[in-house]
Ligand SMILES: [Zn+2]
Ligand SMILES: [Zn+2]
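In this note's numbering, the protein residues as written are 39 to 337.
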């Protein structure tokens with residue numbers, strides 16, 4: 039009996055220890071000094087920096103792709119530089135902005151949030167997303183409401199994961215913005231867009247395959263709500279922009295006035311634009327060398 043009580047007490051103490059003593063940072067594994075609901079150290083959180091600091095060069099004014107490797111070509115006589123894919127096939131959205139680059143701590147933290155159930159990461163990530171909404175503020179019409187909708191998941195996927203990461207991040211961002219920037223008049227409207235086709239993972243597909251994969255994938259459920267309105271489309275990651283382009287096209291077909299895209303992070307592999315270029319050009323060769331260098335640095 040005494041032994042049972044002692045065992046029970048020890049078990050309880052162990053539970054208390056794991057509850058009240060911080061463990062290791064889930065990103066860098068250093069022991070945490072302070073107790074926090076989010077098991078991430080301050081140095082890792084501080085490493086989540088905006089693109090303006092990590093990629094201070096020129097970005098495409100439409101999609102946000104870094105133009106550093108050919109900025110002179112784009113700068114020549116242009117007040118607003120636009121990347122080659124946006125010039126060749128202009129997207130249905132007006133502008134896409136992202137908080138940071140999808141690499142390092144940002145990439146790891148999004149992975150933990152999305153795939154390993156670290157839901158508490160939504161709060162700090164949502165605040166970073168909110169600062170990117172503010173970046174778009176000058177483009178928004180404050181005389182009327184702007185709809186905010188997350189890129190939807192297919193039903194089965196949402197059920198498996200238990201949540202739509204883009205919707206959770208958008209909700210956290212809106213919560214912060216309703217306090218700090220009520221003048222923006224942002225209205226959540228996640229139900230307006232639906233993913234009606236089960237699509238393959240976009241991983242490993244080139245831009246053309248991504249476009250084909252997403253053809254007919256999105257539909258507007260409530261065209262009357264969207265008609266004549268500006269819409270902010272929210273997602274966690276912008277990679278080639280194929281998803282954002284497909285969603286924006288569906289919203290525009292339903293009558294949306296303008297579509298803006300706001301993402302927490304953005305791939306800046308600086309290789310995406312090249313997939314669209316004719317093969318064997320010197321342009322491509324130069325670019326592939328840049329991309330190869332970038333991927334070596336990342337690994
Ligand atoms: Zn850390
Ligand atoms: Zn662009």
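C-beta atoms are modelled at their ideal positions from N, C-alpha and C, and glycine is treated no differently.
For residue i, the three-state DSSP class (helix, strand or coil)
i	result
residue 268	strand
residue 240	coil
residue 246	helix
residue 151	helix
residue 133	strand
residue 87	coil
residue 139	strand
residue 69	strand
residue 226	strand
residue 158	helix
residue 252	helix
residue 232	strand
residue 172	helix
residue 81	helix
residue 76	coil
residue 105	coil
residue 166	helix
Of the listed residues the options, nearest to residue i (C-alpha basis)
i	options	result
residue 156	252, 303, 285 and 207	207
residue 226	176, 185 and 281	185
residue 78	86, 90 and 63	63
residue 297	280, 303, 282 and 269	269
residue 272	187, 159, 179 and 117	187
residue 181	267, 228 and 153	267
residue 89	222, 170, 117 and 277	170
residue 82	91, 162, 239 and 245	162
residue 217	292, 172, 150 and 299	172
residue 306	74, 145 and 117	145
residue 339	80, 71, 91 and 300	Here the chain has residues from 39 to 337 only, and residue 339 is not among them.
residue 257	284, 265 and 240	284
residue 176	241, 61 and 219	219
residue 288	71, 61 and 253	253
Distance CB(residue i)-CB(residue j) smaller than 9 Å
i	j	result
residue 286	residue 130	yes
residue 139	residue 120	no
residue 275	residue 243	no
residue 102	residue 134	yes
residue 259	residue 229	yes
residue 192	residue 141	no
residue 98	residue 124	yes
residue 263	residue 222	no
residue 75	residue 158	yes
residue 137	residue 203	no
residue 80	residue 160	no
residue 93	residue 104	yes
What are the uninterrupted segments assigned as beta strand (DSSP E) that are 3 or more residues long and contained completely in the stretch 179-223, given in chain order?
184-188
Cβ contact (3+ pairs, closer than 8 Å) linking the stretch 246-255 and the stretch 161-174
no
Going residue by residue through the stretch 261-306, where are the continuous beta strand (DSSP E) segments of at least 3 residues, counting only ones entirely within it?
268-276 and 296-304
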